[in-house]
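Structure record follows, encoded as structure tokens.
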Amino acid sequence: MNAGRLSGLDNFWLQIENPRRLMTVSSLWTFDDQLNSQQVYNALDLLCARYPRFGLVPAHGSFWQTPAWCRPIGWTPTMNVEQHRLCAPTREALEEYIADQARTLALSHKLLLMPLWELHAISGLENGRCAMFWKAHHCMADGAAFVGSLISTTLEDTKKMEPVGDTKRKRRQRLKQQDQQQQYQEKRSECVPPVPDQLWQHLPPPLRLTLTWSYRIFHNLWLVFILLLHDIWLCIYALLALVCPEPKRDLWYSGLQDHRKQVAWSGAIRLKDVKTVRHAWGGTVNDIMTLVLVRCIKGALAERGQCHDKYLRFLVPISQRSSEPEQGSSFGNVVSGTWGTFSMQDMDTQSLLHQIRTEMQAIKMSRVPRLMYEFGTRFLLAYAPCLLPLGVIERMANVPHAVFTNVPGPQEAILWGGQVIRDYSILPPQSGKGCLAIGLISYCGDLRISIMADATPPGVARGVCDRFVPEFEFLLREAGMALTRRRVAS
Numbered sequence: 001m002n003a004g005r006l007s008g009l010d011n012f013w014l015q016i017e018n019p020r021r022l023m024t025v026s027s028l029w030t031f032d033d034q035l036n037s038q039q040v041y042n043a044l045d046l047l048c049a050r051y052p053r054f055g056l057v058p059a060h061g062s063f064w065q066t067p068a069w070c071r072p073i074g075w076t077p078t079m080n081v082e083q084h085r086l087c088a089p090t091r092e093a094l095e096e097y098i099a100d101q102a103r104t105l106a107l108s109h110k111l112l113l114m115p116l117w118e119l120h121a122i123s124g125l126e127n128g129r130c131a132m133f134w135k136a137h138h139c140m141a142d143g144a145a146f147v148g149s150l151i152s153t154t155l156e157d158t159k160k161m162e163p164v165g166d167t168k169r170k171r172r173q174r175l176k177q178q179d180q181q182q183q184y185q186e187k188r189s190e191c192v193p194p195v196p197d198q199l200w201q202h203l204p205p206p207l208r209l210t211l212t213w214s215y216r217i218f219h220n221l222w223l224v225f226i227l228l229l230h231d232i233w234l235c236i237y238a239l240l241a242l243v244c245p246e247p248k249r250d251l252w253y254s255g256l257q258d259h260r261k262q263v264a265w266s267g268a269i270r271l272k273d274v275k276t277v278r279h280a281w282g283g284t285v286n287d288i289m290t291l292v293l294v295r296c297i298k299g300a301l302a303e304r305g306q307c308h309d310k311y312l313r314f315l316v317p318i319s320q321r322s323s324e325p326e327q328g329s330s331f332g333n334v335v336s337g338t339w340g341t342f343s344m345q346d347m348d349t350q351s352l353l354h355q356i357r358t359e360m361q362a363i364k365m366s367r368v369p370r371l372m373y374e375f376g377t378r379f380l381l382a383y384a385p386c387l388l389p390l391g392v393i394e395r396m397a398n399v400p401h402a403v404f405t406n407v408p409g410p411q412e413a414i415l416w417g418g419q420v421i422r423d424y425s426i427l428p429p430q431s432g433k434g435c436l437a438i439g440l441i442s443y444c445g446d447l448r449i450s451i452m453a454d455a456t457p458p459g460v461a462r463g464v465c466d467r468f469v470p471e472f473e474f475l476l477r478e479a480g481m482a483l484t485r486r487r488v489a490s
């Protein structure tokens, strides 16, 4: 049975895969107790019914046509489920197993005899806990669509655990209103000159209006300037990457890329604490988390004596979904990306956050990702897949130090397989040799990161994750002191 062909972007992920770094999106769920097997299989049947790509394989591609989605003969969802019991009930044993599975794909999947996803049911965790490790090829969908599809199978079970009445609905509305109000205050503050409140209140209204409009005009001109600077730099750097020797950046090592992987995840930080930091210095959650990550990576490298670069380069995926429900809820690859450059020099928190916010604003406004998505993948690679320059892609993949993706998760506990999901993490695919794959996800008011890296150099993923919570706690104390000084001054 044929169900259409892969899009240019779907085929892109299928073609650029390297056996030393698979193009898979992964997610790990942990539970306090064993799951109900029948409910798990029912959830898989529901997943394949709602999202047909979970039951299809790409096949019959040609020089001028992308492969077609075909249904394998005699396949059932249970055939993609594997069970494993850890040899020891420790975090290290779980990380070792996840790292081993993240670098492999079963032979049946490689031969396209079964759909390109797997579910690993893991038992033997401490205190009788268990885990579910999802793994799907990027040609099926991007990370946001993948997580959204899995979460959609939990909604009916989650409704059963909601209390009677409108308590949950009112809480969601209140949190949404608070987020909208904070976003409005941040946008409004960008249009108000940075004048102390005591002085601003004593200025005559005509002068305040003049200053406000003047500041707004200069602010918009500044945004246009940083956008042009970012896009011009992006194009120049891409050209230099093609003609210059391979970059000798931090985390780079000689020889072939190590096919062995290391995986680690951090402790959780509270989303409301991130809002405290935002109240002190502004910025988005993504800006604050980027600041913490930059300092964590810098600290991990400095401890090893390997911190030589002045800037970190992140590959930042950017969703191209519109706000329309039809496209926004689609299951597939609707994503592009660009590079972001963040300073690793010795800067105080406010200066570093300003540099990160400026770079993030340029990334959000940049038209380069949209151009690559519309022309490069949707048009060119859809009608002429033979034009995919694998050598160019390979060189570009080695430019960034890390891939950093932020996938918003549910903010209330969800039920799956008869049990509540306690911890939730996601891993994007790696970009190039020595590149970190960093996934940030929010769940139940908590934020945590997961990192996958090459086994060479050893211990980098764990070193970064171990610094995540302490680095943020120091930032939170610093923000508290800044807010206290502001209250005293006023």
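For what it's worth, my numbering labels the leading residue of the sequence shown as 1, then goes sequentially.
All residues carry an ideal CB built from backbone N, CA and C; glycine is no exception.
Only a predicted model underlies this, so the values are computations on that prediction, with no experimental measurement involved.
When burial is assigned at 16 or more other CB atoms within 10 Å of the CB, is residue i buried or exposed?
i: V263; result: buried
i: K310; result: exposed
i: D454; result: buried
i: I232; result: exposed
i: H60; result: exposed
i: M452; result: buried
i: D258; result: buried
i: L107; result: Reliability of the predicted coordinates at L107 is poor, the pLDDT of 47 falling under 50, and no value is obtained from them.
i: Q327; result: Because Q327 carries a pLDDT of 40, less than 50, the predicted location of this residue cannot be relied on, and no value is offered for it.
i: T153; result: buried
i: C87; result: exposed
i: K272; result: exposed
i: E471; result: buried
i: K261; result: buried
i: V292; result: buried
Quick one: Cα of residue i to Cα of residue j, how far?
i: T30; j: E96; result: 16 Å
i: M114; j: R71; result: 9 Å
i: N11; j: E359; result: 30 Å
i: W339; j: R485; result: 36 Å
i: L387; j: Y253; result: 30 Å
i: V25; j: G143; result: 6 Å
i: C139; j: L14; result: 6 Å
i: G165; j: L447; result: Residue placement at G165 cannot be trusted, given a pLDDT of 44 that sits under 50; the coordinates are not used to answer.
i: L380; j: M23; result: 21 Å
i: L35; j: A43; result: 12 Å
i: T104; j: L112; result: 15 Å
i: R370; j: A382; result: 16 Å
i: V551; j: H279; result: In the structure displayed, the chain extends from 1 to 490; residue 551 sits before or after that span and is not available.
i: M289; j: I393; result: 28 Å
i: A402; j: L436; result: 4 Å
i: I441; j: T210; result: 43 Å
i: S351; j: I414; result: 39 Å
i: A102; j: F133; result: 10 Å
i: M79; j: D45; result: 12 Å
i: A266; j: S62; result: Reading off the sequence, residue 266 comes out as Ser, not Ala. Roughly 44 Å separates the two Cα atoms.
i: F375; j: A362; result: 21 Å
i: T66; j: D346; result: 48 Å
i: A141; j: R53; result: 9 Å
i: V57; j: A136; result: 12 Å
Roughly how far, in whole angstroms, is the beta-carbon of residue i from the beta-carbon of residue j, given that I think they are within contact range, below 8 Å?
i: N333; j: L125; result: Their Cβ separation, rounded to whole angstroms, is 33 Å, which puts N333 and L125 out of contact at 8 Å.
i: V335; j: I318; result: 7 Å
i: I426; j: S450; result: 6 Å
i: D118; j: E82; result: Note that residue 118 corresponds to Glu in the displayed sequence, not to Asp. With a Cβ gap of about 6 Å, E118 and E82 count as contacting.
i: V285; j: A479; result: 14 Å between Cβ atoms; not a contact.
Tell me residue i's beta-bridge partners as DSSP assigns them.
i: L28; result: F133 and S425
i: E118; result: K135
i: K261; result: D454
i: L312; result: F342
i: W69; result: P58
i: R5; result: A68
i: H84; result: I122
i: L112; result: According to DSSP, L112 bridges with nothing at all.
i: L447; result: I269 and S442
Helix, strand or coil: how does DSSP classify residue i here?
i: G165; result: For G165, the pLDDT reaches just 44, beneath the cut-off of 50, and the residue's location in the model is therefore unreliable, although a value from the coordinates is still provided. In this structure, G165 counts as coil in the three-state DSSP scheme.
i: L22; result: coil
i: I393; result: helix
i: L440; result: strand
i: L388; result: coil
i: R519; result: There is no way to answer for residue 519, as the model of the chain reaches only from 1 to 490.
i: L415; result: strand
i: Q350; result: helix
i: I406; result: The question names Ile, but residue 406 in the sequence shown is Asn. Strand.
i: D231; result: helix
i: Y184; result: The predicted position of Y184 is uncertain, since its pLDDT is 47 and thus under 50; a value taken from the coordinates is nonetheless stated next. Y184 falls in the helix class under three-state DSSP.
i: R370; result: helix
i: G337; result: strand
i: S149; result: helix
i: L14; result: helix
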